Amino acid sequence: TTARSSPTGSAPVLVASNRGPVSFNRQEDGTLALRRGGGGLVSGLSAIDDPSAVWVCAALGEADREAARQAPDGRLDRAGHEVGGQAVRMLDIDPETFARAYNGVANSTLWFVHHLLYATPTEPAFDAGFRTEWQAYEAFNAAFADALAAEAAPDAAVLVQDYHLSLVPALLRARRPDLRIGHFSHTPWAPPDYYRMLPDDVAEAVLTGILGADRAGFLTRRWALAFADCCADVLGAEVDREALTVTHAGRTTALGVHALGADADFLRERSHRADVEERLAALRAAVGDRRTIVRVDRTELSKNIVRGLLAYRHLLRTRPEWLDRVVHVAFAYPSRTDLAEYRAYTASVERIAGEINEEFGTEDWQPLILHVNDDFPRSLAAYRLADVALVNPIRDGMNLVAKEVPVVSDAGCALVLSREAGAFAELGEDAVTVNPYDVIATAEALHSALTMPTAERTERTKRLAAAATALPPQQWFVDQLTALG
Ligand code: G6P
5 TTARSSPTGS APVLVASNRG PVSFNRQEDG TLALRRGGGG LVSGLSAIDD PSAVWVCAAL
65 GEADREAARQ APDGRLDRAG HEVGGQAVRM LDIDPETFAR AYNGVANSTL WFVHHLLYAT
125 PTEPAFDAGF RTEWQAYEAF NAAFADALAA EAAPDAAVLV QDYHLSLVPA LLRARRPDLR
185 IGHFSHTPWA PPDYYRMLPD DVAEAVLTGI LGADRAGFLT RRWALAFADC CADVLGAEVD
245 REALTVTHAG RTTALGVHAL GADADFLRER SHRADVEERL AALRAAVGDR RTIVRVDRTE
305 LSKNIVRGLL AYRHLLRTRP EWLDRVVHVA FAYPSRTDLA EYRAYTASVE RIAGEINEEF
365 GTEDWQPLIL HVNDDFPRSL AAYRLADVAL VNPIRDGMNL VAKEVPVVSD AGCALVLSRE
425 AGAFAELGED AVTVNPYDVI ATAEALHSAL TMPTAERTER TKRLAAAATA LPPQQWFVDQ
485 LTALG
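Residue numbers in the sequence shown follow UniProt numbering, run continuously in steps of one, and reach 489 at the last position.
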């Protein structure tokens with residue numbers, strides 16, 4: 005693994021992330037079908053018009069693994085599988101190692117810590133099973149560091165993404181000290197008292213892993229400072245909270261704050277295509293002339309969908325003037341269904357939704373429309389139609405739904421926004437603020453949002469859209485590269 009002498013590759017810019025920009029599905033005839041992913045990172049990287057850039061990601065399922073095995077050197081064939089001119093290298097990691105690293109450590113441990121999701125009297129319990137998962141996480145991170153070290157040209161810039169890959173910066177620096185390395189966290193960061201729940205060696209390894217980078221990026225100053233606080237508390241690192249730097253073991257890592265914004269050009273164009281218009285017409289027919297409260301999330305514990313539904317129920321129970329005058333359109337898309345907690349949560353969402361329709365529904369009025377199958381054009385249609393958008397996460401790195409709705413909205417939309425979402429730092433002033441744990445306060449916030457005067461709603465939506473698009477994905481990406489020097 006030492007490698008000052010190891011041969012270098014030819015990529016001047018590299019991105020590394022667990023979930024890559026493409027994935028494969030096996031079709032009925034046995035062939036592999038390619039799917040392109042969306043999101044800020046994909047549009048961000050498209051700003052780099054350099055065909056020798058490489059994106060390293062993990063094969064996430066059997067179809068991905070087979071595609072990766074068929075590709076020469078694990079590189080996906082440029083003609084068929086390139087994304088915005090860049091090559092994708094999908095790592096064929098053995099399924100057991102992948103499952104332990106992804107489900108066991110990344111999604112059950114680090115995600116839970118950063119989003120404060122544990123029910124602490126019983127969870128977490130770091131036992132022998134966890135140690136096996138942690139070893140897999142180390143191997144998973146080492147596989148990424150090896151691939152990046154092999155692909156990177158001398159002095160290349162490498163942008164490592166998120167909590168799946170927190171050990172990569174330090175591992176990569178050991179292999180290739182010539183590289184300029186950035187890490188970016190798309191999640192919140194836990195405060196030290198909570199973070200210290202991790203076993204001491206794990207808590208230290210995650211921090212020193214990221215400190216292997218020249219720059220560590222965060223979505224808000226709040227998360228950057230929480231990271232700095234953990235470095236001071238756990239490592240005894242020297243922290244400059246003004247300059248946003250962390251010095252540990254003789255090296256200084258700069259912390260960056262890059263508040264990823266919505267992609268206005270893409271959203272405005274995409275939300276007026278025929279498939280969206282079609283779905284908008286169907287939603288309009290279902291809602292009639294009633295008001296619409298919209299939410300769109302992955303069915304994710306931190307998104308707080310259950311308390312959102314309880315708040316809607318409380319609104320209907322306590323404010324009968326809304327009976328038959330409002331419809332809650334809730335899209336809760338499947339996510340991380342390998343985890344039992346997520347399956348149970350999905351069941352709760354469906355159960356409470358059923359109870360609400362049972363309690364209040366009439367022959368002409370279905371108070372809640374819940375969809376659990378993913379459909380992006382339908383989400384855009386709901387964004388256009390919404391009178392109120394409900395974004396009430398317990399804790400969220402940013403939350404792009406809060407930023408996308410005001411950009412796409414046809415007639416202005418009142419935003420009910422949790423003060424614990426990263427987006428709150430930029431959007432809080434023009435949103436109706438909620439404490440995500442307070443169901444009654446959330447119901448009251450829905451009521452104020454529903455009764456907001458039209459002119460005020462329009463003005464606020466304009467300001468929200470401006471704030472939401474201040475840092476488009478392309479600029480977000482270029483800023484990070486520039487900051488690396
Ligand atoms: C969050 C994380 C991403 C992740 C996404 C979807 O936004 O920051 O890294 O890709 O959730 O989760 P999944 O487990 O499906 O990749």
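Yeah, the Cβ is synthetic: ideal placement off N, Cα and C, and Gly gets one too. Note that the structure is a prediction, hence the values are computed from the model and not measured.
What did DSSP end up calling residue i once you bin it into helix, strand or coil?
i, result
"Glu242", "strand"
"Ala348", "helix"
"Arg82", "Since pLDDT at Arg82 reaches only 43, below the 50 mark, its modelled position is unreliable, and the value read off the structure follows with that caveat. Helix at Arg82."
"Tyr387", "helix"
"Asp53", "coil"
"Thr257", "strand"
"Cys417", "coil"
"Trp369", "coil"
"Leu64", "coil"
"Val376", "coil"
"Gly186", "strand"
"Pro324", "helix"
"Leu475", "coil"
"Leu18", "strand"
"Ser275", "coil"
"Gly213", "helix"
"Arg329", "coil"
"Ala220", "strand"
"Arg294", "coil"
"residue 1", "Outside the shown range of the chain, which is 5 to 489, sits residue 1, and nothing can be said about it."
"Tyr12", "The sequence given here has Thr at residue 12, not Tyr. Coil."
"Asp301", "strand"
Assign residue i to one of two classes, buried (16 or more other C-beta atoms within 10 Å of its C-beta) or exposed (fewer than that).
i, result
"Thr465", "buried"
"Ala336", "buried"
"Thr191", "buried"
"Ser452", "exposed"
"Ile444", "exposed"
"Asp400", "buried"
"Asp301", "buried"
"Asp391", "buried"
"Asp68", "buried"
"His276", "exposed"
"residue 521", "Outside the displayed span of the chain (5 to 489) sits residue 521, for which this structure offers no information."
"Glu408", "buried"
"Glu430", "buried"
"residue 3", "Residue 3 lies beyond the residue range present for the chain, which begins at 5 and ends at 489; the question has no answer from this structure."
"Ala228", "buried"
"Leu327", "exposed"
"Asp204", "exposed"
"Asn22", "buried"
"Asp98", "exposed"
"Gly34", "exposed"
"Trp480", "buried"
Please return the same chain residues whose Cβ sits closer than 8 Å to the Cβ of residue i, not counting the five positions on each side in sequence.
i, result
"Gly57", "The residue asked about is misnamed: residue 57 is Ala in this sequence, not Gly. The answer, listed in chain order, is Ala15, Pro16, Val17, Leu18, Val19, Leu49, Gly89, Gln90 and Ala91."
"Leu343", "Asn107, Asn111 and Ser112"
"Thr256", "Thr249 and Val250"
"Asp54", "Pro16, Val17, Gly89 and Gln90"
Between which residues of its own chain and residue i is the CB-CB distance below 6 Å, once the five residues before and five after are set aside?
i, result
"Gly41", "Pro25"
"Leu114", "Tyr167"
"His187", "Val164, Pro173, Ile214, Ala217 and Ala220"
"Phe364", "Leu320 and Pro371"
"Leu485", "Ala161"
"Val291", "Val331"
Go through its chain and collect everything with a Cβ distance to residue i's Cβ below 7 Å, but skip five positions before and after it.
i, result
"Gly489", "Arg184"
"Glu367", "none"
"Ala156", "Thr12, Gly13, Ala15, Leu18, Val162, Arg180 and Leu183"
"Pro195", "Ala230 and Asp233"
"Leu211", "Cys234, Cys235, Val238 and Leu239"
"Asn403", "Val395, Pro397, Ala425, Gly426 and Ala427"
"Arg323", "His451"
"Lys307", "Asp301 and Pro397"
"Pro338", "Thr303, Val376 and Asp378"
"Ala207", "Tyr199, Arg200 and Val238"
"Glu242", "Thr251"
Nearest chain C C-beta to residue i closer than 8 Å, yes or no?
i, result
"Thr322", "Although the question refers to chain C, the structure presented lacks it and comprises just one protein chain."
Practice problem: Please determine if the segment 140-149 and the segment 409-421 are in contact, where contact requires at least 3 C-beta pairs separated by less than 8 Å. | Solution: no
Practice problem: Mind the definition here: the segment 306-313 touches the segment 264-280 only if three or more C-beta pairs lie below 8 Å; say whether that holds. | Solution: no
Quiz item: Is the segment 267-274 touching the segment 468-483 in the sense that three or more CB pairs, one from each, lie closer than 8 Å?
Solution: yes
Quiz prompt | Continuous alpha helix (DSSP H) assignments of at least 4 residues falling wholly in the segment 398-467 | solution = 405-412, 428-431 and 443-454
Quiz item: Would you call the segment 349-361 and the segment 370-385 touching, i.e. three or more CB-CB distances under 8 Å?
Solution: yes
Quiz item: Would the segment 147-155 and the segment 59-68 be scored as touching if the rule is three or more Cβ pairs under 8 Å?
Solution: yes
Exercise. Would you list, in sequence order, the uninterrupted alpha helix (DSSP H) runs of no fewer than 4 residues that lie entirely inside the segment 85-123?
Key: 99-103 and 115-118
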